[in-house]
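Below is one structure, written out as structure tokens, with a few remarks after it.
2 protein chains.
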Amino acid sequence: MKPRITLKKIANEFGVSISTVSKALKDSHEISEETREKIKAFAGFYNYKPNSLALQLRNQKTSVIGVIIPEIVHHFFSTVINGIETYANEKGYNVMVCLSNESYDKEVSNISVLTNGSVDGLIVSLARETQQNQNFKHFEALIKDDFPLVLFDRVKDDLACDKVIIDDVGGAYKAANHLVEIGKRRIALLTTQDYITVGSLRKEGYLKSLVKNDIGIDESLIYKIDDKQDLYEQIKKVIFVKNPPDAILAVNEIYAANALKIAKERGLTIPNDIAIIGFTSGLISEFTSPPLTSVVQHGFLMGKQTAELLINRIEHTASKEYQKEVISPNLKIRQSTLIK
Amino acid sequence: MKPRITLKKIANEFGVSISTVSKALKDSHEISEETREKIKAFAGFYNYKPNSLALQLRNQKTSVIGVIIPEIVHHFFSTVINGIETYANEKGYNVMVCLSNESYDKEVSNISVLTNGSVDGLIVSLARETQQNQNFKHFEALIKDDFPLVLFDRVKDDLACDKVIIDDVGGAYKAANHLVEIGKRRIALLTTQDYITVGSLRKEGYLKSLVKNDIGIDESLIYKIDDKQDLYEQIKKVIFVKNPPDAILAVNEIYAANALKIAKERGLTIPNDIAIIGFTSGLISEFTSPPLTSVVQHGFLMGKQTAELLINRIEHTASKEYQKEVISPNLKIRQSTLIK
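As they're listed, the protein sequences go chains A and B.
Our numbering applies: residue 1023 is where the first sequence begins, and numbers increase by one.
Our numbering applies: residue 1023 is where the second sequence begins, and numbers increase by one.
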């Protein structure tokens, strides 16, 4: 028996996209006669039926939006999903969420599952591993197929699709300026490894503020947290030193909440001895003691905007050029930086 | 032109399940000849093709599990999803998550979207509105169709499917006993409205503990929080009274964290003046000051168990009888109840 043949296998055989195979089998004049003939001959040999399930599925509207996020135990992503849901439901769409768990392979498999007829378009925030590998073939294939796609928060600039990002440079710049305004000079940055774009953009904003305020850059105050190692122990090394920093800017809420806890353990007064700001105003920041000043990322708004861009793309009401929307974060000042 | 006919429309027309229609069109002997003939005649009149997309889809394995949860900004549900993901991925399944946003209609529409060929089985925690309405027809239809289904946490006992629940009575009983052991007698309960099963089960455990410990039940210490109204103001009314309770047992983390904040605002010492315990050991409990003692619900374990039950059902390796697994919560004691 001949092996079962799929659109994908034919596409791989000839090094073309699935969309090209699909068009060739439908005798579309967008495809050269030569390519059409050879694809049809190959498909015929393997008894491929052009009006197969997969092909029908690709052309059938589902009124469902697929969303892929790196992790779910994360207030920011949860609020983005709420925003996507709200806008999508208003427009008569359902939403399906998959997790990449920061893994490249899972991101690829999620895309393949969701685009196999389940959804009309995709909203994705890139997995850490994808950013690390810089391998975007799975997105390039979607783009080639004209599959509606919007990236948010963790994006890749040169992919041809709509994007919604936060002005991370501006957010960190505002936060660092605020720390300088309350009299701080030795501001430590708790950031991520460089390949996480949001981490390196926030570092850029932090450095920009130091330069603007004539504060020398002290590389020993910049800590790149390794998420695979114990968070508490890493942050302890920042604060349990002879001469601790007088302020901390953390690129997320968990780093900030840990810093606050550890500073209190060392007997430091907040904000007088050490002021602390985190990114993301989630549930934790409000309930720490003192509550944490945060860079508010407007996840709900971000979700609404990504859903709007995607649905416009699905319904062909979008402008031809891809949009890049930038959301400006603002500071929510709480007691962790409120000097009386 | 005749209107397009679907399996569902035919099923509605005759008041039978989609599965019955599907079987009738395939001439299955499970269906009476009379029913088969009338369904076939009707389908024929409308040019319904029995080997249509929907029918093929229903019979095609997707290796995807669908999950419907009431809300996403909720640490407990996030950890359950992580548990489902972990087990499902090990077994080669992907996971798709939809939100009901506590709405009956959304739950129905999520089920219809997910079971239309996207997934092999469903894991659901009931929406608040579904529990309120006590309308379970959408689940009864799935069960009639032998569609693999597992309910967790918020379940309906008499639905014929596998279930995983937390021993909510036992958890609240342990928590209230602990408060009595540290010398508390006037224990207030912050719970939900009665139709939320987990709320009323936790109330049952609380009452059981009072009876066991010979403490009279004081109905004025039982507060049913209305989630549609301002949380802070409602909890303020519990604590800003002449003679506040000496302990609070809250059925979730947010109620507990708010109670702690408000007690501090009133100048009460925790745990000496007032001890506080919440359900769900999420991120908040660890970072409040003092940190909150919590009833740990083992969401991750719960997720793994639901996924295991579902996959056994999908792969026909489950026992014929439906399982009801009960997870015992335990207390994570932190400073909010630690009397020195």
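Yeah, the Cβ is synthetic: ideal placement off N, Cα and C, and Gly gets one too.
Closest by C-alpha distance to residue i, when choosing among the options
i: Met1324 of chain A; options: A:Ile1103, A:His1051 and A:Val1038; result: A:Ile1103
i: Asn1199 of chain A; options: A:Asn1034, A:Ile1355, A:Leu1029 and A:Val1038; result: A:Ile1355
i: Leu1201 of chain B; options: B:Lys1258, B:Val1038, B:Phe1036 and B:Thr1359; result: B:Thr1359
i: Glu1129 of chain A; options: B:Glu1124, B:Gly1105 and B:Met1118; result: B:Met1118
i: Tyr1115 of chain A; options: A:Gly1300, A:Asp1142 and A:Gln1153; result: A:Asp1142
i: Ala1269 of chain B; options: B:Leu1314, B:Ser1050, B:Ser1350 and B:Phe1169; result: B:Leu1314
i: Ala1340 of chain B; options: B:Thr1328, B:Val1348, B:Ser1350 and B:Pro1351; result: B:Thr1328
i: Val1318 of chain B; options: B:Ile1349, B:Lys1259 and B:Lys1246; result: B:Ile1349
i: Gln1153 of chain A; options: A:Phe1161, A:Leu1164, A:Arg1176 and A:Leu1144; result: A:Arg1176
i: Glu1330 of chain B; options: B:Ile1087, B:Val1273 and B:Ser1100; result: B:Ile1087
i: Lys1346 of chain B; options: B:Gly1321, B:Ile1209, B:Phe1161 and B:Lys1178; result: B:Lys1178
i: Asn1294 of chain B; options: B:Thr1302, B:Pro1312 and B:Ala1278; result: B:Pro1312
i: Thr1137 of chain B; options: B:Val1263, B:Glu1055, B:Val1089 and B:Gly1227; result: B:Val1089
i: Tyr1277 of chain A; options: A:Asn1265, A:Lys1258, A:Gly1037 and A:Gly1192; result: A:Lys1258
i: Lys1206 of chain A; options: A:Ile1106, A:Lys1159, A:Asp1252 and A:Ile1292; result: A:Ile1292
i: Tyr1334 of chain A; options: A:Glu1287, A:Asp1190 and A:Cys1183; result: Strictly speaking, residue 1334 of chain A in this sequence is Asn, with Tyr absent from that position. With distances taken between Cα atoms, Asn1334 of chain A lies closest to A:Cys1183.
i: Gln1156 of chain B; options: B:Tyr1217, B:Val1146 and B:Tyr1109; result: B:Tyr1217
i: Ile1145 of chain B; options: B:Glu1151, B:Asp1127 and B:Ser1122; result: B:Ser1122
i: Ala1281 of chain B; options: B:Glu1255, B:Gly1304 and B:Thr1302; result: B:Glu1255
i: Gly1193 of chain A; options: A:Ser1044, A:Gln1357 and A:Leu1353; result: A:Leu1353
i: Arg1150 of chain A; options: A:Glu1124, A:Phe1099, A:Glu1275 and A:Ile1032; result: A:Glu1124
i: Thr1213 of chain B; options: B:Cys1120, B:Ile1299, B:Ile1091 and B:Ile1106; result: B:Ile1299
i: Ile1261 of chain B; options: B:Gln1251, B:Ser1242 and B:Lys1250; result: B:Ser1242
i: Ala1297 of chain B; options: B:Thr1310, B:Asp1189, B:Val1273 and B:Pro1267; result: B:Pro1267
i: Ser1366 of chain B; options: B:Lys1225, B:Leu1148 and B:Ala1163; result: This structure leaves residue 1366 of chain B out entirely; chain B is present only between 1023 and 1362.
i: Asn1235 of chain B; options: B:Arg1224, B:Ala1110 and B:Tyr1195; result: B:Tyr1195
i: Phe1309 of chain A; options: A:Gln1357, A:His1096, A:His1338 and A:His1320; result: A:Gln1357
i: Phe1301 of chain A; options: A:Glu1093, A:Phe1098 and A:Ser1041; result: A:Phe1098
i: Glu1203 of chain B; options: B:Ile1040, B:Leu1171, B:Ile1361 and B:Ser1044; result: B:Ile1361
Residue(s) in a DSSP beta bridge with residue i
i: Phe1174 of chain B; result: B:Val1186
i: Thr1396 of chain B; result: No answer is possible for residue 1396 of chain B: it lies beyond the span of chain B, which begins at 1023 and ends at 1362.
i: Gly1300 of chain A; result: A:Ala1272 and A:Ser1316
i: Gly1143 of chain B; result: B:Ile1087
i: Glu1347 of chain B; result: B:Val1186
i: Asn1352 of chain A; result: A:Val1318
Interface partners of residue i on chain B, CB under 7 angstroms
i: Ser1100 of chain A; result: Ile1094 and Val1095
Chain A contact residues for residue i, given Cβ-Cβ distances below 9 angstroms
i: Ala1279 of chain B; result: Leu1305, Glu1308 and Phe1309
Chain B contact residues for residue i, given Cβ-Cβ distances below 9 angstroms
i: Ser1341 of chain A; result: What Ser1341 of chain A touches in chain B: nothing, since even the nearest Cβ is about 29 angstroms away.
Neighbour list for residue i in chain A, Cβ cutoff strictly below 7 angstroms
i: Val1086 of chain B; result: Val1135
i: Ser1140 of chain B; result: Ser1140
Residues of the segment 1282-1296 of chain B whose Cβ lies closer than 7 angstroms to any Cβ of chain A, in chain order: Hits within the stretch, in order: Lys1283.
Residues of the segment 1102-1136 of chain A with a CB closer than 8 angstroms to any CB of chain B: list them in chain order, please. Along the segment 1102-1136 of chain A, going in chain order, the ones with a CB nearer than 8 angstroms to a CB of chain B are Ile1103, Asn1104, Glu1107, Asn1111, Asn1116, Val1117, Met1118, Val1119, Cys1120, Leu1121, Asn1123, Lys1128, Ser1131, Asn1132, Val1135 and Leu1136.
According to a CB-to-CB cut-off of less than 7 angstroms, which residues of the segment 1301-1330 of chain B neighbour chain A? The residues in question are Leu1305, Ile1306, Phe1309, Thr1310 and Ser1311.
Determine which residues of the segment 1262-1276 of chain B have a Cβ less than 9 angstroms from any Cβ of chain A, and write them out in chain order. Against chain A - using a Cβ distance shorter than 9 angstroms - the residues of the segment 1262-1276 of chain B are Glu1275 and Ile1276.
Unbroken alpha helix (DSSP H) runs of length 4 or more, entirely within the segment 1106-1143 of chain A: which are they? Listed in chain order, they are 1126-1136.
Ignoring anything shorter than 4 residues or poking outside the segment 1222-1266 of chain B, list the alpha helix (DSSP H) runs there in chain order. Counting only runs of at least 4 residues, the segment 1222-1266 of chain B fully encloses the following alpha helix (DSSP H) elements, listed from N- to C-terminal order: 1253-1261.
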